[in-house]
Every structure is written in structure tokens, then in C-alpha cells.
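So the sequence lines, in the order shown, correspond to chains A and B. Under numbering that gives the first Met the number 0, the final residue of the first sequence carries the number 310; numbering is consecutive throughout. Under numbering that gives the first Met the number 0, the final residue of the second sequence carries the number 319; numbering is consecutive throughout. Note that beta-carbon positions come from the ideal geometry of N, C-alpha and C, so glycine has one too. Note that this is a predicted model, so its numbers are computed, not measured.
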Amino acid sequence: MFGLFNKSKQSEEVVPEWYAELQESQERWFSFLEKLEAKMEEFATAAIPELKQLLEEDDDLYKRTFHKVYSGVNGQLNNIREKARDTYEEKIISVYYHYNSKISVLSKHHNLVSDFRNNCSDRHNAFENKYDYWRKQIDKTKERDLEIEYQKILSEFETIKDKFKCTQCGGNLTIDKIFLIETYVSCPFCQTQNTFTPSTIGRNLQNIARELAEQRTAHLKEEFENEVDKERDLYHEHHTLSLSTIHESNKSVLNEIQIKMEDLEKQRQFAIQNAPKLRQIYLRAMYDEWNKITPDLKEHNEKMYLNQLKY
Amino acid sequence: MFKKLFGSLTGDNKQENQNYEQAQTSNDNYENDYDNEYQEVEYDPETLHGTHYSVEDFDAEVARRAEAWIEDERASGENVEEKDIQNIYFNYRREVYTEWNNCDSDQMIRFEHANSLKYTGIQTSGFVKVDDNNPFLEPVHGVDLRTYTAMCLKISAGVDYLEVCKAMGFEPIVWEELNTIWPQRMGEDTSFTVTTLFGQYYAENVTVPQLENLNAEISAEGQANLDRIKTDRYFYEELAGARQAAYEYGIDGAQWILDNFGINLADFQSVAMQWMTEQNQNWNSADIIAFSDYQQEKQKEYAAKFAAEQGGNIADDVNF
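So this is what it looks like as C-alpha cells:
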């Protein structure tokens with residue numbers, strides 16, 4: 000009887016033969032993802048400077064060529080990601096299910112099965128993080144300094160504003176502001192209504208105005224977002240402290256922790272109250288900038304501002 | 000999953016709704032069979048409330064349960080904010096509706112669509128009623144939203160905007176103002192009535208007498224394909240999948256559809272809106288999943304085709 004017991008104990012310590020398959024799958028999976036990551040990096044590092052150059056050289060107002068290529072680049076990244084996902088389902092999860100149904104959870108070896116899954120899934124997450132990273136780097140190629148474009152519009156306006164003449168009497172008409180759409184301008188000499196058609200660059204002011212205003216107030220947005228993050232950070236810090244009290248019996252230590260926790264909670268409540276205020280400061284500043292850039296849209300923008308405050 | 004996939008189409012994906020719980024979409028087959036065989040509850044065609052109770056009673060019951068919960072939360076020291084209150088009401092509305100009508104989640108979603116303006120302040124495509132007193136719908140230079148939509152349809156179908164202005168009998172300058180003011184109203188209207196109604200008109204492919212003779216050129220084949228995507232949902236899903244795949248391979252998808260199937264962007268979008276509106280009105284989660292799967296499958300097929308044309312994907316040589 001005792002011999003039987005020992006034998007079974009021994010056999011449990013031996014690594015089962017199916018473990019080799021799990022190990023092999025895991026190794027393959029790790030090296031597969033490594034190769035995909037290398038492809039991704041190689042592709043993205045080659046694409047980024049090209050995209051930047053394309054954006055600079057694309058004379059089209061809507062940058063259509065750039066956007067087509069940009070969308071194609073993202074398509075390829077996405078294709079790599081899908082490949083990883085499909086393979087994960089097909090080669091890892093299916094193997095896991097197979098052994099999970101075969102090996103009892105009471106078996107000493109079951110942890111080999113669950114470890115396999117955890118290792119593979121952690122590796123997959125690491126891959127996904129890399130994907131996110133490259134995706135963000137690709138996204139950044141869209142950013143352009145709108146101040147440069149804005150200056151172009153302003154200098155164009157300076158050169159044309161005094162060159163517009165009345166179609167009827169030939170009198171000089173002064174264009175007193177940047178018009179965004181076709182507008183009637185009446186002649187001060189003969190009262191004829193002249194149609195002023197803004198240039199393509201001039202019209203584009205409407206399209207870049209908001210983004211330019213956002214660029215100018217990005218630091219305020221960041222302050223607001225930091226405050227939102229702070230609330231979460233404080234919450235987690237508070238939570239960790241509260242867990243630490245579970246096995247603590249020393250009253251003075253407990254007391255100290257309690258004081259710290261109260262302080263954290265106070266800070267957290269402050270962040271909760273403060274975040275909406277910072278948001279309002281940001282939005283107000285952003286809309287002020289926007290109104291400065293396109294004063295004609297002020298009435299509409301102010302309604303949008305009030306709507307946005309509500310949400 | 001549905002909110003994510005289709006939220007943008009139902010018009011209720013706006014911020015304040017993001018806090019709501021996701022729609023429950025799995026249906027008990029038993030319930031479905033039961034529903035098909037025997038219609039236990041009669042629904043009001045407008046409000047989709049059961050006719051065996053009054054709307055006032057329903058609202059009162061929801062309020063009673065929600066307020067009790069809110070009071071409870073507050074009593075235990077919780078900070079109940081406006082968005083929490085909306086969530087609580089939203090959930091109790093679902094609970095009471097499902098309880099009182101003994102219905103499945105599809106019926107519940109249809110009910111939510113029919114009442115989205117009343118309960119959440121946001122319109123759902125397919126359920127907008129035109130209110131003559133809505134200042135956002137006041138005509139601009141005598142042009143109402145329906146006519147503006149008809150003009151947009153012509154222009155996005157490829158008719159020159161100068162032609163459209165001529166047919167309407169006004170200066171291009173008027174069009175520019177229309178095309179500024181209507182979009183501004185869409186932005187300002189937090190109930191999304193202007194936007195949703197524009198979409199509904201777009202789906203109906205509305206026209207006005209002045210514009211009837213103004214048509215973008217369409218080939219016989221294009222016309223046949225257009226007629227087919229209007230009636231054959233699978234064919235529509237196939238082209239939608241193909242278009243998406245095209246964009247992923249750096250191809251202008253809208254142009255690709257025009258080149259290969261003769262359907263212009265305006266007509267395609269109009270049909271897309273038509274299917275979405277139909278989907279909102281006859282919400283059925285099993286169908287929605289089936290169509291979505293079909294579109295994805297087709298997207299993959301076309302992606303493989305585009306990839307082959309471009310000499311493959313960059314990671315094709317990486318194997319497990």
C-alpha cells in the first residue's frame with residue numbers, strides 16, 4: 000500500500016509528455032511575435048519620414064494623397080495585428096482548451112496548462128502595446144504646425160486686401176477682413192454690390208481655425224487631463240494603503256496609515272472638484288483663440304461652447 | 000458590442016450615452032419562438048409602449064424605483080451626480096419596460112429608439128418627427144432642410160454646384176451661405192434633430208421639382224448595381240466591406256466603388272442610411288450580427304485581392 004502511494008507520488012513529479020507540445024507552442028509563439036514586431040518596427044520607421052515628407056509636399060488643400068497613404072500604412076499595421084490575433088486563437092487558445100479539458104484542475108500538472116496560457120497571453124499583450132506605440136507614432140505624422148499655414152493666409156490677405164476693384168466704377172474696394180465664403184461687398188462710391196470670392200487658401204482658414212486654437216491651448220488641456228489622472232492615482236494609492244491595514248495590528252501604525260488615507264482622500268476630492276474647473280478654463284481659452292482667428296464664427300462658436308460645457 | 004458597432008448609426012452614441020450600460024443583445028431562443036407564435040402584448044405603434052398601461056403610469060413607476068435607489072445611495076454617503084441619475088433612470092426604464100411587457104431585449108431596444116428624444120434628448124434615425132416650431136428647422140433664405148438635402152445629394156452625386164444653383168434659381172453666394180448655416184445648426188442642436196433628419200432625407204434620396212431633371216451620369220450597369228444594393232442587403236454589405244478593404248490598402252474606396260460598380264458616393268451613402276434606418280426601426284440583433292459577420296468576411300476576401308495586386312502584405316513571410 001505504501002509502495003503504491005510512493006509510486007504515484009513519483010509519477011506526479013515527472014513532467015508529463017504532453018508538456019513538450021505546450022513548450023514548443025509557446026516558443027513558437029514568442030518567436031513568431033518577435034518576428035512580427037521586427038516587421039512592424041521596420042515598416043513603421045520607414046513609413047514615418049515618408050509620411051512626413053508627403054504631408055509637406057502635398058499641395059492639395061485636403062491632403063488627399065497623404066491621407067490615402069496614411070490609411071494604407073495603418074492598414075498594413077492592422078494586418079499584422081490581425082495576423083497575431085488569428086494565430087493566437089488558432090495556435091494557442093485552441094491548444095489551451097484542448098489540454099484544459101483533458102487535464103483535471105485537481106491535477107498537479109494543471110498549472111502547466113494555465114501557465115502556458117498566461118505566458119502566451121502576457122506576451123500577446125506586450126505585442127499589442129508595441130502595436131499601440133507604433134500606431135501613435137504614425138498618428139503623429141498628421142500633426143503639422145498650423146501657425147505656418149496661418150501666416151500664409153495672413154500674408155496673402157495683406158497683399159490682396161487693397162487690390163479689389165468695383166466692377167461698375169473701378170473704384171478701390173477695401174476688404175476689411177478675411178472672408179471665409181463668397182460675400183457681397185458694396186462699393187463706397189457707386190453702391191454697386193460686388194461679389195468677393197475668397198481664395199482657396201483663404202477659405203481654408205475655416206478648416207484649420209479650431210485645430211490652430213487647440214494647438215495654442217494644448218498646455219491647458221494637459222493640465223486638465225493631468226487632474227483627471229491624478230484622481231485615479233490617488234484612488235489607487237488610497238486603496239493600497241487600505242489593503243496594508245488588513246494584517247496590521249499595531250495601533251500607532253494603523254493610526255498613521257489612517258491619517259495618510261484621510262489626507263489622500265482629501266486630495267482626491269479636491270481633484271474631483273477641480274477637474275471640471277480646469278476643463279472650463281481650457282475650453283474658454285480655446286474658444287477665445289478660435290474667435291480671434293475667425294471672428295465671423297463667434298456667434299456660432301459661443302453656442303457650441305455652451306453645449307460643450309454641459310457634457 | 001452593438002453600441003460600438005452600430006452606435007454611430009443609431010445616433011445615440013453621444014457622450015452622455017456612453018455611460019449607459021451596453022445593450023443586452025443575446026436573446027433567449029425560447030422567448031423568440033414564443034414571440035413568433037403568440038403576441039401577448041399589443042404595442043402602441045408610436046410609442047411602442049404596451050397598450051395595457053398608460054405612459055404616465057410607466058414614467059411614474061420608473062421614477063419611483065429610481066428615486067428610491069438614489070435616496071439609498073445618498074443615504075450611504077455616495078455622491079450621486081447628474082450622469083449617475085441619468086444612468087439609474089435609464090436602467091430602471093429598461094427593467095420596468097421588460098417586466099411590464101414581458102419582452103425580449105430587441106423589443107426593448109426598439110422601444111428605446113422610438114423614445115430616445117423623450118428620454119435621452121437625442122434623436123434616432125427613423126423616428127424623427129418634424130416639428131414646425133423648431134427654430135433649428137426654420138428655412139434659410141427660403142430653403143428648408145429637405146431642399147438643402149436634395150441639393151447636397153445632387154452635388155455629392157457629382158453634379159456641379161453651379162448647375163444646382165442655376166436650377167434652383169439663385170446665386171452661388173446663396174448656396175455658400177446655406178452650406179454654412181445648415182451645418183452650423185447641426186452642430187448647435189444638441190438633440191441632433193437637424194443631423195438625424197438630414198440623414199433620413201438623405202436615405203430617402205429626396206428631391207424637389209427644380210432639381211428633378213438634374214442627374215449625375217450613371218451607366219446602365221451602375222444603375223443595375225444601385226438598384227441591387229437597395230434591395231439586396233447582402234450585396235450592399237459586400238460593397239461596404241470592399242470599400243473598407245480598399246481604404247486599408249491606400250485606395251480611395253468611394254472612387255473604387257464608382258470605377259468598378261458605377262455607383263457614386265451620394266447614392267452609396269443614401270443606400271447606407273436607408274439600411275441603417277430600417278435596422279433602427281426593426282431592431283433584430285440576430286440579423287445585425289449575421290450582416291456584420293458577412294460584411295467582415297467579404298472585407299477579408301477583398302483585402303486578400305488588394306493585397307495580391309500590391310504584391311502581398313509586409314508580414315506575409317512571417318509564419319508561426
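{"Check": "Own chain partners of Glu308 (chain B) with C-beta closer than 6 angstroms, once the 5 adjacent residues on each side are dropped", "Outcome": "none"}
{"Check": "Reference Val72 (chain A); option with closest CA among A:Glu49, A:Ile91 and A:Glu89", "Outcome": "A:Glu49"}
{"Check": "Pair within 7 angstroms by beta-carbon distance, Phe110 (chain B) and Leu47 (chain B)", "Outcome": "yes"}
{"Check": "Alpha carbon of Glu81 (chain B) to alpha carbon of Glu216 (chain B), nearest angstrom", "Outcome": "53 angstroms"}
{"Check": "Cβ contact (3+ pairs, closer than 8 angstroms) linking the region 77-95 of chain A and the region 273-289 of chain B", "Outcome": "no"}
{"Check": "Cβ neighbour criterion (16 or more within 10 Å) applied to Asn263 (chain B)", "Outcome": "buried"}
{"Check": "Residues near Ala208 (chain A) in its chain [Cβ-Cβ closer than 8 angstroms; skip 5 each side]", "Outcome": "Trp289, Ile292, Thr293 and Leu296"}
{"Check": "The region 127-146 of chain B touching the region 98-105 of chain B, judged by at least three CB pairs closer than 8 angstroms", "Outcome": "no"}
{"Check": "Contact residues within the region 180-211 of chain B, judged by C-beta distance below 8 angstroms to chain A", "Outcome": "Gln183, Gly186, Glu187 and Thr189"}
{"Check": "Euclidean distance between Cα positions of Phe197 (chain B) and Phe169 (chain B)", "Outcome": "22 angstroms"}
{"Check": "According to DSSP, residues forming a beta bridge with Lys164 (chain A)", "Outcome": "A:Asn171"}
{"Check": "Cβ-Cβ distance between Ala149 (chain B) and Thr97 (chain B) below 7 angstroms", "Outcome": "no"}
{"Check": "Interface residues of chain B facing Tyr314 (chain A) [CB-CB closer than 8 angstroms]", "Outcome": "The requested residue 314 (chain A) is not part of the displayed model; chain A covers only 0 to 310."}
{"Check": "For Tyr42 (chain B), the three-state DSSP class (helix, strand or coil)", "Outcome": "strand"}
{"Check": "Inter-residue Cα distance where the pair is Leu153 (chain A) and Pro197 (chain A)", "Outcome": "13 angstroms"}
{"Check": "Span of the alpha helix (DSSP H) around Gln222 (chain B)", "Outcome": "Ala219 to Thr230"}
{"Check": "Three-state secondary structure (DSSP) of Gln122 (chain B)", "Outcome": "coil"}
{"Check": "Environment of Gln21 (chain B) [buried if 16+ CB atoms lie within 10 Å]", "Outcome": "Any reading at Gln21 (chain B) needs caution, since the residue's pLDDT is 45, under 50, leaving its predicted position unreliable; the model's value is listed next. Flag for Gln21 (chain B) reads exposed."}
{"Check": "Residue burial classification, Tyr52 (chain B) (beta-carbon count within 10 angstroms, cutoff 16)", "Outcome": "exposed"}
{"Check": "Interface flag, Ser10 (chain A) vs chain B, CB-CB below 7 angstroms", "Outcome": "Legend: pLDDT at Ser10 (chain A) = 48, less than 50; position of this residue unreliable, value from coordinates given subsequently. So no, Ser10 (chain A) is outside the interface."}
{"Check": "Continuous beta strand (DSSP E) stretch holding Thr194 (chain A): start and end", "Outcome": "Gln192 to Phe195"}
{"Check": "Cβ pair Tyr235 (chain B), Trp181 (chain B) closer than 7 angstroms", "Outcome": "no"}
{"Check": "Residue closest to Thr194 (chain A), alpha-carbon to alpha-carbon, out of A:Lys229, A:Leu282, A:Glu181 and A:Pro187", "Outcome": "A:Glu181"}
{"Check": "Enclosing alpha helix (DSSP H) for Thr206 (chain B) [first to last residue]", "Outcome": "Note, Thr206 (chain B): premise wrong, no alpha helix (DSSP H); not H, not E."}
{"Check": "Length of the line joining the Cα atoms of His235 (chain A) and Leu253 (chain A)", "Outcome": "18 angstroms"}
{"Check": "Selected residue, minimal CA-CA separation from Ser120 (chain A), among A:Arg84, A:Asp138, A:Glu146 and A:Gln150", "Outcome": "A:Arg84"}
{"Check": "Listed by chain order, chain A residues near Tyr248 (chain B) by CB distance under 8 angstroms", "Outcome": "Gly71 and Gly74"}
{"Check": "Inter-residue spacing [alpha-carbon to alpha-carbon] between Glu88 (chain A) and Glu94 (chain B)", "Outcome": "36 angstroms"}
{"Check": "Short Cβ contact (7 angstroms threshold) for Leu60 (chain A) with Thr199 (chain A)", "Outcome": "yes"}
{"Check": "Residues bridged to Thr182 (chain A) [DSSP beta-bridge criterion]", "Outcome": "A:Phe195"}
{"Check": "Assigned secondary structure, Val252 (chain A) (DSSP; H/G/I helix, E/B strand, else coil)", "Outcome": "helix"}
{"Check": "Interface flag, Ile147 (chain A) vs chain B, CB-CB below 7 angstroms", "Outcome": "no"}
{"Check": "Chain-ordered chain B contacts of Arg27 (chain A) [CB-CB under 8 angstroms]", "Outcome": "Phe319"}
{"Check": "Completely contained alpha helix (DSSP H) runs for the region 77-156 of chain A, where each covers 4 or more residues", "Outcome": "93-101 and 109-139"}
{"Check": "Cβ separation of Asn224 (chain B) and Gly261 (chain B), assumed to be a contact under 8 angstroms, to the nearest whole Å", "Outcome": "6 angstroms"}
{"Check": "Chain B residues whose Cβ lies nearer than 8 angstroms to that of Lys265 (chain A)", "Outcome": "The contacting residues do not exist; Lys265 (chain A) stays about 14 angstroms from chain B at best."}
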